[in-house]
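Read in order, the letters of the sequence shown correspond to residues -12 to 344 in the working numbering. Ideal Cβ placement from N, Cα and C applies to all residues, glycine included. These numbers come from a predicted model, not from an experiment.
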Amino acid sequence: MSDKEKGASRTSRPARPGKAQRARLIDVARAVAVHPSTVSRVLSEDRDARVGPQTAARIREVAAQLGYIPNASAAALKTSATHLIGVIVHDIADPVYPRILTGIERQLAKAGYMAVIGNTGFDPDAETDMFAKMSARLVDGVILGTTRLQDPVVRRAGEEGVPLVSVLRRPQDADCAAVIDDCLSGMQALAQAVACAGHRDVGVIAAPQHLSTGKERLAGILAGLRAHGVAVADDRLVFVPRMTSEEGEAAAQELLARRATPPSVIMAVNDRVALGALRALRKTGLRCPHDVSLTGYNETHPLDLIDPPLTSVAIDLDRVGAMAADRLLALIDNPALPREVDRIMPELRLRASLAQR
């Protein structure tokens, strides 16, 4: 038989170990792409296991196909630990994540754990694949730093019994622990400060609404302005595909081109976008804050050193990371703990970029 014919005869059936090699629990775990402890819990009929019925059925099917026979030493894997924690983020270049990682790694080190970091580059398929590989390679838990409102990784972690904590947002479609900043309240407070400064013609650069941060921050802006009788006109609202300075500059240029007169203030979804907007203002000859005021969110840069110092909302990102690590370690020690959400209140930082009107 030719190599081509051999390849064509292959099926998706898991490869069975040779006669001299007994199937191991890890073989089943890798074939199903789940954590070995998940296999152990299912095959030992652990009533406390948080594993979805489809995943459990697949584990039993593959175990039978491979001829895997549980034994006492394999069952011991149910409580074993590798002391590795997977951390998945969507943009490691975003200044938010290095600060969160600092808090995560500090707390993990205290407990004898180490982080394995994966960057998805905003690719949902890469995120799913990354989680599968981390789970199959024995991480004890995962901290998820992406921002989708509906995230299949969270659902899969629940089905496979992998402890997971989300940072900066909690997905809507699954029950998981999370450590988040109250960005709706933070942006609402900022919008109220903008309105109290006398601004009525407000421009907004918002993030995509399938991202939880984008949805909540825009809602906070609109609610805060509405409380003072201020509305954002349709042509004063621009959405960026990504929250970067380059996208912020392009969005500000589009916003400025829509009318003969600029808005009195531009509220950006985060500091990176705001800095891009500041660059656009300078290129068009507009002065901040004399002609157009500007605000950001996150406090990820030394904003008091920028000219003019940027008004923003500060999040204690180091604390977010530390709390996420502590929450995950608690879930690893006791999987029966409730999936709670810890909220950190942000702090308004008023600076010279926001002028009185």
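Below 8 Å on the Cβ atoms is my contact criterion, and I expect residue i with residue j to pass it. Report the Cβ-Cβ distance as a whole number of Å.
i	j	result
residue 72	residue 128	5 Å
residue 148	residue 37	5 Å
residue 243	residue 340	In fact, because the Cβ distance is near 17 Å, the residues do not count as touching under 8 Å.
residue 105	residue 70	No, residue 105 and residue 70 are not in contact; Cβ-Cβ is about 18 Å, not under 8 Å.
residue 217	residue 187	6 Å
residue 359	residue 29	Because the chain here runs from -12 to 344, residue 359 falls outside it and cannot be looked at.
residue 239	residue 268	7 Å
residue 344	residue 297	Contact flag wrong, Cβ pair sits at about 18 Å.
According to the Cβ coordinates, are residue i and residue j closer than 8 Å?
i	j	result
residue 225	residue 241	yes
residue 229	residue 90	no
residue 314	residue 164	yes
residue 278	residue 249	yes
residue 126	residue 103	yes
residue 107	residue 117	yes
residue 49	residue 19	yes
residue 109	residue 138	no
residue 143	residue 197	no
residue 13	residue 150	no
residue 22	residue 122	yes
residue 348	residue 156	Any answer about residue 348 is impossible in this case: the structure gives the chain only from -12 up to 344.
residue 351	residue 236	Missing from the structure shown is residue 351; the chain here goes from -12 to 344 and no further.
residue 206	residue 335	no
residue 284	residue 256	yes
residue 346	residue 57	Outside the shown range of the chain (-12 to 344) lies residue 346, about which nothing can therefore be said.
Within 10 angstroms of the Cβ of residue i, are there 16 or more other Cβ atoms? Answer buried if so, exposed if not.
i	result
residue 101	exposed
residue 321	exposed
residue 167	buried
residue 54	exposed
residue 92	buried
residue 327	exposed
residue 276	buried
residue 80	exposed
residue 88	buried
residue 178	buried
residue 272	exposed
residue 94	buried
residue 61	At residue 61 the pLDDT is 45, less than 50, meaning the model places this residue with poor confidence; the figure from the coordinates comes in the next sentence. When all chains shown are included, residue 61 counts as buried.
residue 131	buried
residue 7	At residue 7 the pLDDT is 45, less than 50, meaning the model places this residue with poor confidence and gives no usable figure here.
residue 234	buried
residue 86	buried
residue 345	An answer regarding residue 345 cannot be provided, because it is not within the stretch -12 to 344 covered by the chain.
residue 324	exposed
residue 40	exposed
residue 342	buried
residue 43	buried
### Query
Considering only residues of the segment 77 to 143, which uninterrupted beta strand (DSSP E) runs meet the minimum length of 3 residues and lie entirely inside it, listed in chain order?
101 to 106 and 128 to 132
### Query
Between the segment 301 to 319 and the segment 327 to 340, do at least 3 Cβ pairs fall closer than 8 Å?
yes
### Message
List, from N- to C-terminal side, the beta strand (DSSP E) runs of 3 residues or more that fit wholly inside the segment 264 to 313.
### Response
280 to 282 and 299 to 301
### Task
Check whether the segment 212 to 229 touches the segment 283 to 292, counting contact only when three or more Cβ pairs, one atom from each stretch, lie closer than 8 Å.
no
### Query
Does the segment 202 to 218 come close enough to the segment 167 to 183 to have 3 or more Cβ pairs within less than 8 Å?
yes
### Start-end ranges of the beta strand (DSSP E) lying completely within the segment 146 to 219, minimum 3 residues
Listed in chain order, they are 151 to 154, 164 to 168 and 189 to 193.
### Task
Would you check if there are 3 or more beta carbon pairs closer than 8 Å linking the segment 191 to 198 to the segment 253 to 270?
yes
### Message
Suppose only complete runs of 3+ residues qualify. What are the beta strand (DSSP E) ranges in the segment 239 to 265, listed by chain order?
### Response
252 to 255
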